[in-house]
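*Asks:* Pasting a structure here, questions to come.
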Amino acid sequence: MDASNFTAEDFARWLRAGRAEIYEKPAWDWEGTARGFGVSYVILGTFAICLNSLFLYSLLARRRKAFSHAFYIMILDFTIIDTIKGISSILFAIKLLKTDLNSDQSLLSIRIDQYSGVLLRFTNLATILNLLCITLNEYIFICYPLRYSALITRKRVVLLILGIWIVSSSMTFANMVAGLQNRSLWIDDECTSNGEESEELKSEHHNKSNQSIKSITIDATAQSCV
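Written as structure tokens, this is what we have:
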């Protein structure tokens with residue numbers, strides 16, 4: 010090629026062809042990283058399920074002696090919450106173990122992702138409240154040892170655990186509904202500049218949002234019944 014006709018584009022083409030390995034950095038393998046997280050979630054979730062199942066079996070095998078103390082009732086609630094969290098971690102990892110992460114998700118995988126997100130949010134709130142209750146239990150045991158048996162009874166602990174489940178479920182449901190409302194209020198910028206097409210897209214988006222709210226409400230009700 011004549012040097013006088015050697016343009017900047019020709020030089021860039023020559024650079025990419027002959028010296029690309031010097032100037033180009035290797036792309037980060039995001040899919041491999043995601044699959045690594047997915048495998049770790051599955052391993053940790055399986056370990057949590059097995060270990061908490063062993064604890065649960067030990068408590069139930071000695072239920073007459075164990076459940077006579079309020080502290081072990083709190084431990085039982087912790088065990089159930091951690092088991093649910095382990096199951097949720099495995100469900101969450103399913104989308105990270107796909108062969109092609111860029112492909113569209115199926116309806117089943119979307120549902121599983123939604124369920125796992127709701128369960129993880131619920132278990133996180135319940136874990137925080139359970140830790141607060143156990144800390145309060147230890148505080149009363151240390152500061153008021155003579156009145157501990159009168160203050161901390163089985164009936165009060167069971168009512169407290171029931172209240173934790175109700176509060177965690179209510180806050181999770183409220184957060185889910187608030188997220189759906191914010192999503193339904195979102196308007197695409199392209200819709201505002203397309204006249205009649207904009208109205209169709211808004212109507213379709215509104216209908217889909219209502220259907221999503223209805224389906225998720227039914228699913229949440231079914232979960233609470235189970």
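So for the sequence shown, my numbering puts the first residue at 10; every next one is plus one.
Glycine is no exception: its CB is placed at the ideal position from the N, C-alpha and C atoms.
#1: Considering only C-alpha positions, which residue in the set I175, Q123, L106, S77 is nearest to G41?
#2: Write down every uninterrupted run of the alpha helix (DSSP H) in the stretch 147-199 whose length is 4 residues or greater and which is fully enclosed by it, in chain order.
#3: Which residue marks the beginning of the alpha helix (DSSP H) containing S98, and which one marks its end?
#4: Are there three or more Cβ pairs, one per stretch, closer than 8 angstroms when the stretch 87-102 is compared with the stretch 122-132?
#5: Is it right to say I96 is buried, meaning 16 or more other beta carbons lie within 10 angstroms of its own, or is it exposed?
#6: Identify the continuous alpha helix (DSSP H) that holds R71 and give its terminal residues.
#7: Output needed for D197: all residues of its chain with C-beta closer than 6 angstroms, excluding positions within five of it in sequence on either side, in chain order.
#8: With a cut-off of 8 angstroms on the beta carbons, I'd call L85 and L100 a contact; round off their distance for me.
#9: Alpha carbon to alpha carbon, how far is F46 from Y32? Give it in angstroms, no decimals.
#10: Can you say whether A102 is buried or exposed, counting buried as having 16 or more other CB atoms within 10 angstroms of its CB?
#11: What residues in its chain sit with their C-beta under 7 angstroms from that of S118, if we drop five residues either side in the sequence?
#12: From S179, L63, A79, G188, pick the residue whose C-alpha is nearest to that of S158; which is it?
#13: Taking its Cβ as the centre, do 16 or more other Cβ atoms sit within 10 Å of V51, making it buried, or is it exposed?
#14: Would you decide whether I135 is buried or exposed? Buried here means 16 or more other CB atoms lie within 10 Å of its CB.
#15: Does the Cβ-Cβ distance between A75 and Y66 come in under 8 angstroms?
#16: Return the residue from the list L141, T181, A187, N61 that minimises the CA-CA distance to S125.
#17: Can you tell me whether K217 is helix, strand or coil according to DSSP?
#18: Let me know if I161 comes out buried or exposed under the rule of 16 or more other beta-carbons within 10 Å of its beta-carbon.
#19: From A70 to S77, what distance separates their C-alpha atoms?
#20: Would you check if the distance between the CB atom of V166 and the CB atom of M83 is smaller than 8 angstroms?
*Replies:* Inspection of the coordinates gives the following:
#1: Within the sequence shown, numbered from 1, the residue matching residue 41 stands at position 32. Closest option to G41, Cα to Cα, is L106.
#2: 157-160, 163-194
#3: On the sequence shown, position 89 is the one that residue 98 refers to. It spans 79-102 - the alpha helix (DSSP H) in which S98 sits, taken as one unbroken run.
#4: yes
#5: In the sequence shown, counting from the first residue as 1, residue 96 sits at position 87. That one is buried.
#6: Looking up residue 71 in the sequence shown gives position 62. Counting along the chain, R71 falls outside any alpha helix (DSSP H), and DSSP gives it neither H nor E.
#7: Translated into positions along the sequence shown, residue 197 becomes position 188. Reliability fails at D197, whose pLDDT of 48 lies under 50, so the model's placement of it is uncertain and no value is given.
#8: Numbered from its first residue, the sequence shown carries residue 85 at position 76. Numbered from its first residue, the sequence shown carries residue 100 at position 91. Rounded, the Cβ-Cβ distance is 23 angstroms, inconsistent with contact.
#9: Position 23 of the sequence shown holds residue 32. Position 37 of the sequence shown holds residue 46. Bear in mind that the predicted position of Y32 carries a pLDDT of just 43, short of 50, making it too unreliable to give a figure here.
#10: Here residue 102 refers to the residue found at position 93 of the sequence shown. Within a 10 Å sphere around the beta-carbon of A102 sit 16 or more other beta-carbons, which makes this residue buried.
#11: One-based indexing of the sequence shown puts residue 118 at position 109. Closer than 7 angstroms at Cβ, skipping near neighbours: I103, K104.
#12: Position 149 of the sequence shown holds residue 158. The candidate whose alpha carbon is nearest that of S158 is A79.
#13: In the sequence shown, the residue the question calls residue 51 occupies position 42. Counting Cβ neighbours within 10 Å, V51 comes out buried, since at least 16 surround it.
#14: Here residue 135 refers to the residue found at position 126 when the sequence shown is read from its first residue. Contrary to the premise, residue 135 reads as Ala rather than Ile in this sequence. Classification of A135: buried, given that the 10 Å Cβ count is 16 or more.
#15: As a first step, residue 75 is located in the sequence shown; it is residue number 66 there, counting from the start. As a first step, residue 66 is located in the sequence shown; it is residue number 57 there, counting from the start. No; because the gap between Cβ atoms is not below 8 angstroms, this pair is not in contact.
#16: Translated into the one-based positions of the sequence shown, residue 125 becomes position 116. Each of L141, T181, A187, N61 was checked against the Cα of S125, and the nearest Cα belongs to T181.
#17: Here residue 217 refers to the residue found at position 208 of the sequence shown. A caution first: K217 carries a pLDDT of 47, below 50, which makes its placement in the model too unreliable to give a value.
#18: Within the sequence shown, residue 161 is the residue found at index 152, counting from 1. Result: buried.
#19: Taking the sequence shown and counting its residues from 1, the one referred to as residue 70 is at position 61. Taking the sequence shown and counting its residues from 1, the one referred to as residue 77 is at position 68. Answer to the nearest angstrom: the Cα atoms are 13 angstroms apart.
#20: In the sequence shown, residue 166 corresponds to position 157, counting from 1. In the sequence shown, residue 83 corresponds to position 74, counting from 1. Yes, the pair counts as a contact, with Cβ atoms nearer than the cut-off.
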